[in-house]
Amino acid sequence: MNVEEKLFELCQEAFRLERVPVGAVVVKDNEIVSLAFNGEKSIEHAEILVLSKAMETLNTKRLDGCELYVSLEPCPMCAYAVHLSRVKKLCFFSLDEKRGAIVSNSNIFDYFGLKIQWEYRKNTIFEDILKDFFKSKRKTCAKIDL
């Protein structure tokens, strides 16, 4: 199974649990080190959770030599956490037009002069699952009788 397939599985699980379907995977030496999807709390973003798990798994404070794969473009909080973690590469597969901090609204790495290797590889399955999730939420809200 490749990283994108694993990310999609994570997104599906998050959706099933009624969480925003964003998944993240940390890889080192072509092996998956940690996996996460968005939590219930507002600051439990997939990136924050997966970086923390990877540090625990590898018993380290920095993720030198690791790569981070995320289904959605990181927000400012997560982008800075990526920098602090010292991953060697970030790759994401869909843009966040409202909160994205690398392509969509600004490039936080360039703005602060942070040396981060990153790549955007568009994959519409991640856009589609987010659209489906929020569409299902709007339908649920519309059914509530006030």
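Every number in this note's numbering is 4 more than the matching position in the sequence shown, counting from 1.
Yeah, the Cβ is synthetic: ideal placement off N, Cα and C, and Gly gets one too.
Whole angstroms are fine: how far does the CA of A58 sit from the CA of V74? 14 Å
Inter-residue spacing [alpha-carbon to alpha-carbon] between A18 and F137: 10 Å
How is C79 classed by DSSP in three states: helix, strand or coil? coil
Quick check on D100: buried or exposed, where buried means 16 or more other Cβ atoms within 10 Å of its Cβ? buried
Roughly how many angstroms lie between the CA atoms of G27 and F41, to the nearest whole one? 4 Å
Which residues in the same chain as E48 place their Cβ atom closer than 8 Å to its Cβ, once the five residues preceding and following it in sequence are excluded? N42
Going by DSSP, which residues form a beta bridge with K32? E35 and C70
Segment limits, alpha helix (DSSP H) that includes F12: V7 to R20
Cβ distance (whole Å) where S98 is taken to contact L55 below 8 Å: Going by Cβ atoms, the distance from S98 to L55 rounds to 19 Å, so no, they are not a contact pair.
Can you tell me where the alpha helix (DSSP H) with F116 in it begins and where it stops? Looking at the DSSP string, F116 is not in any alpha helix (DSSP H), and its letter there is neither H nor E.
Taking a contact to mean a Cβ-Cβ separation below 8 Å, would you say V37 touches V7 in this structure? no
Taking the beta strand (DSSP E) that K57 belongs to, which residues open and close that run? Per DSSP, K57 belongs to no beta strand (DSSP E); it is in the alpha helix (DSSP H), A50 to L62.
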